[in-house]
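Peer 1: One structure follows; several queries about it will come next.
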Amino acid sequence: MKVVTAQEMREIDRRTIEEIGIPGAVLMENAGLSVFNLIRDLTKGFTPESFKIAVFAGKGNNGGDGLVVARHLWNAGYNVTVYLLAQPEAFSGDAALNLRIAQKLGVPMKTILSEEDLERISEVLEGVDVVVDAIFGTGLKGAVRGVAAKVIERINELKAARVAVDLPSGLNADTGAVEGPCVKADYTVTMCLPKRGLLLYPGAEYCGEVIVADIGFPKKAIEEQGVQVELITEELARSLLPPRPGSAHKGSFGHVLVVAGSVGLTGAAALASLSALRAGAGMVTLALPESLNDLMEVKLTEVMTLPLPETPARTISIKAIDRIKEFLEKATVLAIGPGLSREPETMEFVRRLCGEIEKPTVVDADGLNALAAERESLKSLGPNFVLTPHPGEMSRLTGMSVAEIESDRIETARGFASEHGVTLVLKGAPTIVASPDGKAFINSTGNPGLATAGSGDVLTGLIAGLMAQGMKPTDAAVAAVYFHGLAADRLIEEGKTSQRGLISGDLIEMCGRLLG
Numbered sequence: 049m050k051v052v053t054a055q056e057m058r059e060i061d062r063r064t065i066e067e068i069g070i071p072g073a074v075l076m077e078n079a080g081l082s083v084f085n086l087i088r089d090l091t092k093g094f095t096p097e098s099f100k101i102a103v104f105a106g107k108g109n110n111g112g113d114g115l116v117v118a119r120h121l122w123n124a125g126y127n128v129t130v131y132l133l134a135q136p137e138a139f140s141g142d143a144a145l146n147l148r149i150a151q152k153l154g155v156p157m158k159t160i161l162s163e164e165d166l167e168r169i170s171e172v173l174e175g176v177d178v179v180v181d182a183i184f185g186t187g188l189k190g191a192v193r194g195v196a197a198k199v200i201e202r203i204n205e206l207k208a209a210r211v212a213v214d215l216p217s218g219l220n221a222d223t224g225a226v227e228g229p230c231v232k233a234d235y236t237v238t239m240c241l242p243k244r245g246l247l248l249y250p251g252a253e254y255c256g257e258v259i260v261a262d263i264g265f266p267k268k269a270i271e272e273q274g275v276q277v278e279l280i281t282e283e284l285a286r287s288l289l290p291p292r293p294g295s296a297h298k299g300s301f302g303h304v305l306v307v308a309g310s311v312g313l314t315g316a317a318a319l320a321s322l323s324a325l326r327a328g329a330g331m332v333t334l335a336l337p338e339s340l341n342d343l344m345e346v347k348l349t350e351v352m353t354l355p356l357p358e359t360p361a362r363t364i365s366i367k368a369i370d371r372i373k374e375f376l377e378k379a380t381v382l383a384i385g386p387g388l389s390r391e392p393e394t395m396e397f398v399r400r401l402c403g404e405i406e407k408p409t410v411v412d413a414d415g416l417n418a419l420a421a422e423r424e425s426l427k428s429l430g431p432n433f434v435l436t437p438h439p440g441e442m443s444r445l446t447g448m449s450v451a452e453i454e455s456d457r458i459e460t461a462r463g464f465a466s467e468h469g470v471t472l473v474l475k476g477a478p479t480i481v482a483s484p485d486g487k488a489f490i491n492s493t494g495n496p497g498l499a500t501a502g503s504g505d506v507l508t509g510l511i512a513g514l515m516a517q518g519m520k521p522t523d524a525a526v527a528a529v530y531f532h533g534l535a536a537d538r539l540i541e542e543g544k545t546s547q548r549g550l551i552s553g554d555l556i557e558m559c560g561r562l563l564g
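So in my numbering, spot 166 of the sequence shown is number 214, and the numbers just go up one at a time.
This is the structure we're talking about:
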């Protein structure tokens, strides 16, 4: 499912009306009907007149949608009142058309033009069961101010179900930023396609359940817009997974070489290695400092090991490069970084190795820190590389602050992936996958249980394991991110653990189940 900016949605709207010829009034009617149908479903089993509904309408097209909602509610017998946040003469176009229709039908209306107006109806609002927020649409920029801000604050105080039309008023449609008062919706009915701000934090916390309504925009108008951002759904993630032929053997599914681990950080190496196996890789070898090899041979029954020359600090030495390059002649994919440490010689080992190999490679954790320490080394990467930073690592890779990164996760990820020609997995809520060709994917799964040590190591192994089976880097990252998050969701849903109690080892077996 495509995810749009406000400008992209306006262009789709313009193309639909001006070039294809579908009247805007038809689209507005369908939008209002979609919200009406939700409210009717929510109140099923009760008599309509028993529900008191307040529709707050601004003067733009979002308010016009709200007026359509009010008309249908009125016709169906609901006790509905429209509260206009502008004088009737300020409405124009299709919104004015629907205002006139509602007036002629006798839909009750009041205007709120001042704080005094709001105070006069405050007591009446206490008894409202459902609030429809149709104040601002996708065109809002910056913080809501004045009377509208006071109205939003009052809406949020009401003990009523709140339904937002297209997106909650006060929310930035592109970034999810909330710069002032914003309606805290229980349900958001968004038209045609989800807007970025509905999926990005903090905006996602204001949307409640998001329903995407088909209101009649032609497929042609959407396709011609060339939207580059997509929501990762289960349908998409499963469609990317490679087949498992009945005649296959372990060599059919690739060999992952995991270069990881140091004293005190062997858990990261183990998690990444086991995760690659659960993703379906035929074989996994863990390359690690030689003094840790015996320990890991006992710990990891199914994973092979490759002991490497080490530094006095018991981290991987730069002398290991030739052995790794020789081993990569038979391996399919390299995963490097988990638990390596920031020992200077080990960091140099990572940079030199990444600059000299052509194998598909996943770089995580201390592997990313090694590249960030000398950003010139990023120029030696290419389309075979997948980088998986969290915001702190992304800050070190780019020189941007974490706040800057979080303010626009999508464009930050897209810009980096395009500039360096790599697939970038910007971890967080939500995780963004960006490809070298400018496309980006927003993950739809996961919960705060993933905020636990080792979760990223599991994801590294999943991506590498899927790449070993022949998946393209971006496809592997998209699928891995989705199932990694889904594993966390299922663990909670099935009562196997809680968000607080989830540990990374829980994810590995669940991922194996879900990827089946």
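Cβ atoms here follow ideal geometry from the backbone N, Cα and C, with glycine treated the same way.
#1: Would you tell me roughly how many angstroms separate the C-alpha atoms of residue 524 and residue 512, rounded to the nearest one?
#2: How close, in whole Å, do the beta carbons of residue 343 and residue 306 come, if the pair is a contact with beta carbons under 8 Å?
#3: Residue 51 and residue 241 - do their beta-carbons sit closer together than 8 Å?
#4: Give a yes or no on whether the C-beta atoms belonging to residue 436 and residue 473 are separated by under 8 Å.
#5: Taking contact to mean at least 3 C-beta pairs separated by less than 8 Å, is the stretch 200 to 209 in contact with the stretch 178 to 190?
#6: For residue 404, which of 390, 433 and 412 has the nearest alpha-carbon?
#7: Locate the alpha helix (DSSP H) running through residue 58, then write down its first and last residues.
#8: Reducing DSSP to helix, strand and coil, say where residue 195 ends up.
#9: Is the distance from the Cβ of residue 204 to the Cβ of residue 158 below 8 Å?
#10: Between the alpha carbons of residue 88 and residue 290, how many angstroms are there, rounded?
#11: In chain order, what residues of the same chain lie with their CB nearer than 8 Å to the CB of residue 150, ignoring the 5 residues before and after it?
#12: Does the separation of the CB atoms of residue 325 and residue 351 fall below 8 Å?
#13: In angstroms, rounded to a whole number, what distance separates the CA positions of residue 185 and residue 522?
#14: Taking the alpha-carbon positions, what's the residue 145 to residue 105 distance?
#15: As a quick exercise: from 152, 389 and 397, pick the residue whose alpha carbon is nearest that of residue 311.
#16: Would you call the stretch 380 to 387 in contact with the stretch 408 to 427, where contact means no fewer than 3 C-beta pairs closer than 8 Å?
#17: Once the 5 residues before and after residue 500 are set aside, which same chain residues still bring their CB inside 7 Å of it?
#18: Considering only the alpha carbon of each residue, which of 364, 125 and 254 lies closest to residue 338?
#19: In the DSSP assignment, what are the bridge partners of residue 181?
#20: How many Å lie between residue 368 and residue 398 at the Cα?
#21: Would you call the CB atoms of residue 508 and residue 491 closer than 8 Å?
#22: At which residues does the beta strand (DSSP E) containing residue 586 begin and terminate?
#23: Buried or exposed: which applies to residue 494, given that a residue is buried once 16 or more other Cβ atoms fall within 10 Å of its Cβ?
#24: Go to residue 557, then tell me how far its beta strand (DSSP E) extends in each direction, as first and last residue.
#25: Cα separation between residue 269 and residue 54?
#26: Could I get the ranges of all uninterrupted beta strand (DSSP E) runs contained in the stretch 283 to 359, with 3 residues as the minimum, in chain order?
#27: Report the CB separation of residue 320 from residue 308 in whole angstroms; it is logged as a contact under 8 Å.
#28: CA-CA distance, residue 245 and residue 236?
#29: Are there three or more Cβ pairs, one per stretch, closer than 8 Å when the stretch 525 to 539 is compared with the stretch 293 to 305?
#30: Name, in chain order, the residues that DSSP records as bridge partners for residue 219.
#31: Of all the options 361, 230 and 201, which has the alpha carbon lying nearest to the alpha carbon of residue 189?
#32: Whole angstroms is fine: what's the gap from residue 515's alpha carbon to residue 401's?
#33: Going by the beta-carbon positions, is the gap between residue 79 and residue 197 smaller than 8 Å?
#34: Going by DSSP, which residues form a beta bridge with residue 491?
#35: What do you get for residue 216, buried or exposed, if any count of 16 or more other CB atoms within 10 angstroms of its CB means buried?
#36: Which stretch, first to last residue, makes up the beta strand (DSSP E) that contains residue 397?
Peer 2: Concretely, from the data shown:
#1: By one-based count along the sequence shown, residue 524 stands at place 476. By one-based count along the sequence shown, residue 512 stands at place 464. Whole-angstrom Cα-Cα distance: 8 Å.
#2: Here residue 343 refers to the residue found at position 295 when the sequence shown is read from its first residue. Here residue 306 refers to the residue found at position 258 when the sequence shown is read from its first residue. Residue 343 to residue 306, Cβ: 15 Å. No contact.
#3: Residue mapping note: residue 241 aligns to position 193 of the sequence shown, counting from 1. Residue mapping note: residue 51 aligns to position 3 of the sequence shown, counting from 1. Cβ atoms of residue 241 and residue 51: closer than 8 Å.
#4: Translated into positions along the sequence shown, residue 436 becomes position 388. Translated into positions along the sequence shown, residue 473 becomes position 425. Going by C-beta atoms, residue 436 is nearer than 8 Å to residue 473.
#5: yes
#6: Along the sequence shown, read from residue 1 onward, the residue named residue 404 stands at position 356. When only C-alpha atoms are compared, the closest one is 433.
#7: As a working mapping, residue 58 is identified with position 10 in the sequence shown. Note, residue 58: alpha helix (DSSP H), 54 to 62.
#8: Here residue 195 is taken as the residue at index 147 of the sequence shown, counted from 1. Note: residue 195 maps to helix in three-state DSSP.
#9: Here residue 204 corresponds to residue number 156 of the sequence shown, with the count starting at 1. Here residue 158 corresponds to residue number 110 of the sequence shown, with the count starting at 1. No.
#10: Residue 88 sits at position 40 when you count from the first residue of the sequence shown. Residue 290 sits at position 242 when you count from the first residue of the sequence shown. Taking the straight line from one Cα to the other gives about 43 Å.
#11: Looking up residue 150 in the sequence shown gives position 102. Here the set comprises 115, 118, 119, 122, 130 and 157.
#12: Along the sequence shown, read from residue 1 onward, the residue named residue 325 stands at position 277. Along the sequence shown, read from residue 1 onward, the residue named residue 351 stands at position 303. A contact, by the Cβ cut-off of 8 Å.
#13: As a working mapping, residue 185 is identified with position 137 in the sequence shown. As a working mapping, residue 522 is identified with position 474 in the sequence shown. Their backbone Cα atoms lie some 33 Å apart in a straight line.
#14: One-based indexing of the sequence shown puts residue 145 at position 97. One-based indexing of the sequence shown puts residue 105 at position 57. Roughly 14 Å separates the two Cα atoms.
#15: Reading the sequence shown from its first residue, position 263 is the one you call residue 311. Closest option to residue 311, Cα to Cα, is 389.
#16: yes
#17: In the sequence shown, residue 500 corresponds to position 452, counting from 1. 550, 551 and 552, listed in sequence order.
#18: As a position in the sequence shown, residue 338 is number 290, starting the count at 1. Per the Cα distances, 364.
#19: Within the sequence shown, numbered from 1, the residue matching residue 181 stands at position 133. Paired residue(s): 104 and 212.
#20: Indexing the sequence shown from 1 puts residue 368 at position 320. Indexing the sequence shown from 1 puts residue 398 at position 350. About 10 Å.
#21: Looking up residue 508 in the sequence shown gives position 460. Looking up residue 491 in the sequence shown gives position 443. No, they are not a contact pair.
#22: Given that the chain is displayed from residue 49 to residue 564, the structure contains no residue 586 and the question cannot be resolved.
#23: Within the sequence shown, numbered from 1, the residue matching residue 494 stands at position 446. Per the 10 Å Cβ criterion, buried.
#24: Reading the sequence shown from its first residue, position 509 is the one you call residue 557. First-last for residue 557: 552 to 562, but that is the alpha helix (DSSP H), not the beta strand (DSSP E).
#25: Along the sequence shown, one-based indexing puts residue 269 at 221. Along the sequence shown, one-based indexing puts residue 54 at 6. Whole-angstrom Cα-Cα distance: 15 Å.
#26: 303 to 307, 331 to 337 and 352 to 356
#27: Residue numbering aside, residue 320 sits at position 272 when the sequence shown is read from its first letter. Residue numbering aside, residue 308 sits at position 260 when the sequence shown is read from its first letter. Going by Cβ atoms, the distance from residue 320 to residue 308 rounds to 6 Å, so yes, they are a contact pair.
#28: By one-based count along the sequence shown, residue 245 stands at place 197. By one-based count along the sequence shown, residue 236 stands at place 188. For residue 245 and residue 236, the distance between alpha carbons rounds to 12 Å.
#29: no
#30: Working through the sequence shown from its first residue, we reach residue 219 at position 171. DSSP lists 226 as partners of residue 219.
#31: Here residue 189 refers to the residue found at position 141 of the sequence shown. Closest option to residue 189, Cα to Cα, is 230.
#32: In the sequence shown, counting from the first residue as 1, residue 515 sits at position 467. In the sequence shown, counting from the first residue as 1, residue 401 sits at position 353. Answer to the nearest angstrom: the Cα atoms are 19 Å apart.
#33: As a position in the sequence shown, residue 79 is number 31, starting the count at 1. As a position in the sequence shown, residue 197 is number 149, starting the count at 1. Not in contact: residue 79 and residue 197 (Cβ atoms no closer than 8 Å).
#34: Taking the first residue of the sequence shown as 1, we reach residue 491 at position 443. Note: residue 491 sits in a beta bridge opposite 280.
#35: Reading the sequence shown from its first residue, position 168 is the one you call residue 216. Answer is buried; the Cβ neighbour count reaches 16.
#36: To locate residue 397, count along the sequence shown from 1; it is residue 349. No beta strand (DSSP E) contains residue 397, which is instead part of the alpha helix (DSSP H) from 392 to 404.
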